[in-house]
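Numbered according to the numbering used here, the sequence shown spans residues 41 to 966.
Below is one structure, written out as structure tokens; comments come after it.
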Amino acid sequence: MAVSESAVVDARDAAGTPYKLNPEQTLKASRALLEHLKRENKRIEQAAVKKELLRTDDSDGEDDAADDATPIWLSLTTKQHIVDRNCLRPSKAKVPHSLTSSPNLSICIITADPQRAVKNIVADPRFPTELAGKIERVIGLTKLLARYKSFEQRRELRSQHDVFLADDRIITRLPKALGKVFYQGTAKRPIPINIALIPRDEAGKKIKKVKPAPGTKKDAAEKTALFASPEIVAKEISRALDSVPITVKQGTNTAVRVGLSSFTPEQLVDNINAVVSHVIEKHVVKGWRNVKAIHIKTPASMALPIWLADELWTETNKVVEQPANEEDNNETAAIEAAWDGDSKSSKRKRNPKTTKGPQAGARKKTKVVEDNQDADADADAGKESAKLEAARKEALKKQKAKAFKSDIATYTRADNRSLGFDPHKYTSGRWLRLDEQQFQARYIAFDFDKLCKKAIACSPGARDIAGCLKLEGGFNRAFVLRLDNGASIVARVPFSVAGPARLTTNSEVATMEYIRRHTSIPVPAVLDWSDDPQNPVGTEYIIMEHAVGVQLHQQWPSMTAAKQLDVVKALGHFAREMYKLQFPAFGSLYFADAPVEKDRLIPIGGGFSVGPHCGTRYWPGQPGDERSYQRRPPNHGPWTTHEQYCRGLVDAGYSRVPPTTPPDILEYKGTVEEHLSLSNVAQQTLLQLSQSDALKPVERPMLLHHDMNKRNIFVSEDNPGQITSIIDWQSSSIEPVHHYSDGRPDLCDFPDTWDETEVQDPPSKEQQKIIKAVSICCQAWDVMMRGWLPELHTARTMDQDFLRLFRYVPSAWRHSATALRDDLIQLSAHWSNPLGLPGSCPYQPSEAEISRHKTLWEEFKLVHGVKEEVVRGFATDEEGWIPIDRWEDTKLAYGLLFHEWLKGVVDSGEMSEDMARKVWPFDLPQ
41 MAVSESAVVD ARDAAGTPYK LNPEQTLKAS RALLEHLKRE NKRIEQAAVK
91 KELLRTDDSD GEDDAADDAT PIWLSLTTKQ HIVDRNCLRP SKAKVPHSLT
141 SSPNLSICII TADPQRAVKN IVADPRFPTE LAGKIERVIG LTKLLARYKS
191 FEQRRELRSQ HDVFLADDRI ITRLPKALGK VFYQGTAKRP IPINIALIPR
241 DEAGKKIKKV KPAPGTKKDA AEKTALFASP EIVAKEISRA LDSVPITVKQ
291 GTNTAVRVGL SSFTPEQLVD NINAVVSHVI EKHVVKGWRN VKAIHIKTPA
341 SMALPIWLAD ELWTETNKVV EQPANEEDNN ETAAIEAAWD GDSKSSKRKR
391 NPKTTKGPQA GARKKTKVVE DNQDADADAD AGKESAKLEA ARKEALKKQK
441 AKAFKSDIAT YTRADNRSLG FDPHKYTSGR WLRLDEQQFQ ARYIAFDFDK
491 LCKKAIACSP GARDIAGCLK LEGGFNRAFV LRLDNGASIV ARVPFSVAGP
541 ARLTTNSEVA TMEYIRRHTS IPVPAVLDWS DDPQNPVGTE YIIMEHAVGV
591 QLHQQWPSMT AAKQLDVVKA LGHFAREMYK LQFPAFGSLY FADAPVEKDR
641 LIPIGGGFSV GPHCGTRYWP GQPGDERSYQ RRPPNHGPWT THEQYCRGLV
691 DAGYSRVPPT TPPDILEYKG TVEEHLSLSN VAQQTLLQLS QSDALKPVER
741 PMLLHHDMNK RNIFVSEDNP GQITSIIDWQ SSSIEPVHHY SDGRPDLCDF
791 PDTWDETEVQ DPPSKEQQKI IKAVSICCQA WDVMMRGWLP ELHTARTMDQ
841 DFLRLFRYVP SAWRHSATAL RDDLIQLSAH WSNPLGLPGS CPYQPSEAEI
891 SRHKTLWEEF KLVHGVKEEV VRGFATDEEG WIPIDRWEDT KLAYGLLFHE
941 WLKGVVDSGE MSEDMARKVW PFDLPQ
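In structure tokens, the structure reads:
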């Protein structure tokens, strides 16, 4: 992962340090980050509603800052893990430009008892008046423990002050006293200050502390004397305010606040230099040799590199224990005991002074000379050392190669041999059904080198690709390209199964641009795109900004209920904005110059049009989903009336019915004739429903995101209640309001690991917590739908028998004639009561039809029961997709399960072998 010379300076400085920051690179990154902040702040100001939604007065996220300034973080990553045994006591790095210089700064001092002594010091005439005015609260440890026991009380305390300082004599007791409200992040973690009186003799030397006799009590004067003079206390507080706290956690990453959005680039550079020097000198074992990367970022931006190492793998073991002062041993033990989980997760390490054992090679080489060692022995030892060094380098080479197999690699050559992955082939999984067809449908022949050049051209200052991550979904392949200027860009190419050629790409880009212009929804900016597969790249593509933040599904389990509710509220407001958009027809959004016949585009102004629906339900291309247009021509829209929309649904269903009935088809599936007959009746029924007053309120065209799940939502890593980006607008379309009635964000669902059968009676505390959180999110979403999207709320509360036919008519051939017939029977039975529809349902089944349907329905349930068991057993989906890392094991288990099941149902007489093979939901194993 070589880095260009513009990003790394490997020349030694005057002090002999192997590496140092490049001033030009640091200044360049600082300017870029501050410019980005200005643009974002301007955008947020123009969308004041959004800003009010995503920021609350009691925010406890990492982005808290005085005067609403955005903090800027420095992230330092080491090659080896550092175990700082004093990790709960931040060190202080003095910076040229203070982050706490606001005249409105509010300070709270937590002190050892008695608190009155510190209050007297602050009130003393010798204590600076300006500094005293900023200290709004002094609280002793005893009162802290008594008054702030609950989560809400601690949270309220946290929200009342900008900076918390703590007497370092009690710092080890604060994690339990303040809890995760203060210690889950570093924004307001108490900073230790040394305000104790240090007794000295006449010569100025420290006087050894004498332990008082048991039972001896100190008077008030003696207690007050435990604190330093007002001048010293003021100096210590000022020093803390002019510094930034540094906490080194166990691991490889250290984050430090180094500036604010109000800083100039030069001020930010000054602070970065000071902090980097302090951290590397005081906290990083082996100094610069152990530094892997240094970045700067804001809570909601991507990280910009200011220093990257040439060699990302180290020569030594991965865990380095921070050298500890023996005087701190007792104090360190108290800290580790106070912080639940840290001491349990720490690995036992060998004494660093040992000369034996597996960690001996991880220390600095020391020359050991034995009195009786001769020159030959020295030579042999040198050869052995050379062999060990060669073996180590070979192991390192294999380690790198293994890491690159995860599809993360350096792009260096146009022949793709150095990528570590094939950009053309699908490599993420395989299928239990139509595996070869699915695989070939996702093969893309294109020029990856030219795609990379397109991406580089989109980022000013970039000259090459520094790294690439290949990601694959069901419909697209994406390449997250890390450029040599520090930027990250996403280049995405569609599979043939994504939808109609050219239209799918044009519609997605147009939809994103329309949403960006007409709402405050954060959407990644499209930097370049082409819907013409004959372009120099050789395929359609979209190049866009990398989504800011982290995927919500990564943060959701650890978020507080309040933060989860913030996200639900934000999504509700975004849905409200889209709900207010007006469209003249059903279909998909396009640019006005889209490659579509002009009579099939309905202009809506601003360079946009509504055109043919590009959803896969209306187009061929899916493996196993052949289309036939002999009976009716293709009907892709757009549709200006709801009746036309209904005809489009039925025509899509017609196109799936083959010319003739396949041989040996199961009876419940239905013949071609049955499907055509039922489709005709379904069309009459849909048209009659469309004319009813009950459906009129939920028929208007509406555009919503089609898949608002946690993987498509990005939030701030430091403040997960703030949505930073929403992705995956592919195939988002303009549908009737009722189309969205059965969907809601998966934020309102129980977690994937939730098992209803394991819920205790009564539920455990943890289960109650989850149930309550889900209930709150559901209630909040329902309240917003009722108040802000009333038509959608009406559709959501309708009897689903009313709407089910709209959903399944287009896919009736796949789901069977029995399933379509059952929908019609249920609708017919409930037509007058409880649906209250006028007249009678066009479908009036005879007694014989109902009797036959009951028999076929049992067969339908049997087949789907088998499929559900197989899907659940192999953790797959309806298509039988299996992740590639489980494929070989799954193939073996799949064959064994099939033959065992086949033998069981045949031996029991449940079904014949021929019937069993037809019932099996996926391809028969070889």
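For glycine and all other residues, C-beta sits at the position ideal for the given N, C-alpha and C.
- By the criterion of a C-beta distance shorter than 8 Å, residue 933 is surrounded in its chain by 914, once the five residues flanking it on both sides are discounted.
- In this model, residue 474 and residue 921 are separated by some 10 Å (Cα to Cα).
- Between residue 267 and residue 149, the C-beta gap is not smaller than 9 Å, which leaves the two residues out of contact.
- Of all alpha-carbon atoms in 834, 136, 566, 643, the one lying nearest the alpha-carbon of residue 626 is that of 643.
- In its chain, beyond the 5 residues on either side, 711, 712 have a beta carbon closer than 6 Å to the beta carbon of residue 701.
- Look at residue 939 here: in three-state DSSP terms it is helix.
- Residue 773 sits in coil when the DSSP states are folded into three classes, being neither helix nor strand.
- In this structure, the beta-carbon distance from residue 502 to residue 531 does not fall below 9 Å.
- The three-state reading of DSSP puts residue 818 in helix, counting H, G and I together.
- Taking each of 748, 755, 802, 823 in turn and checking the Cα distance to residue 789, the smallest one comes out for 748.
- Apart from sequence neighbours up to five positions away, the residues of its chain that approach residue 718 with a beta-carbon distance below 8 Å are 710, 852, 857, 860, 861, 864, ordered along the chain.
- Residue pairing by DSSP places residue 917 opposite no residue, since no beta bridge is assigned to it.
- Classified as exposed, residue 874 has fewer than 16 neighbouring CB atoms from the shown chains inside 10 Å of its CB.
- DSSP places residue 186 within a helical segment (H, G or I) once states are collapsed to three.
- Under DSSP, residue 335 forms a beta bridge with 115, 345.
- Every unbroken stretch of the alpha helix (DSSP H) spanning 4 or more residues and falling wholly within the segment 692-758 is given here in chain order: 712-731.
- Per DSSP, reduced to three states, the secondary structure at residue 838 is coil, with no helix or strand assignment.
- With fewer than 16 other Cβ atoms inside 10 Å of its own Cβ, residue 943 counts as exposed.
- Remark: three or more beta-carbon pairs, one from each stretch, lie closer than 8 Å, so the segment 733-742 and the segment 777-785 are flagged as touching.
- When 809, 109, 175, 755 are compared, the shortest CA-CA separation from residue 608 is found for 755.
- Of the residues assessed, residue 939 falls on the exposed side of the cut-off, its CB having fewer than 16 other CB atoms within 10 angstroms.
- Under the three-state reduction of DSSP, residue 565 is assigned to coil, being neither helix nor strand.
- Per the C-alpha coordinates, the member of 883, 648, 337, 661 positioned closest to residue 71 is 337.
- For the pair residue 694 and residue 672, the CB atoms are nearer than the 9 Å cut-off.
- According to DSSP, residue 180 shares a beta bridge with 151.
- The residue among 725, 772, 561 with its C-alpha nearest the C-alpha of residue 849 is 725.
- Assignment of residue 309 by DSSP, reduced to helix, strand and coil, places it in the helix class.
- Counting along the chain, no alpha helix (DSSP H) covers residue 650; the unbroken beta strand (DSSP E) around it starts and ends at 648-651.
- Here the alpha carbons of residue 772 and residue 746 stand approximately 5 Å from one another.
- Membership of residue 546 in the alpha helix (DSSP H) is indicated by the continuous run 543-558.
- Restricting attention to 957, 889, 276, the CA atom closest to the CA of residue 907 is found in 957.
- Apart from sequence neighbours up to five positions away, the residues of its chain that approach residue 962 with a beta-carbon distance below 6 Å are 472, 473, 920, ordered along the chain.
- Here residue 330 is near residue 118, since their CB atoms are less than 9 Å apart.
- Counting the other Cβ atoms within 10 Å of the Cβ of residue 794 gives fewer than 16, which makes it exposed.
- Distance from the Cα of residue 64 is smallest, within the candidate group 805, 345, 561, for 345.
- Cβ atoms of residue 529 and residue 464 stay farther apart than 8 Å, at about 20 Å.
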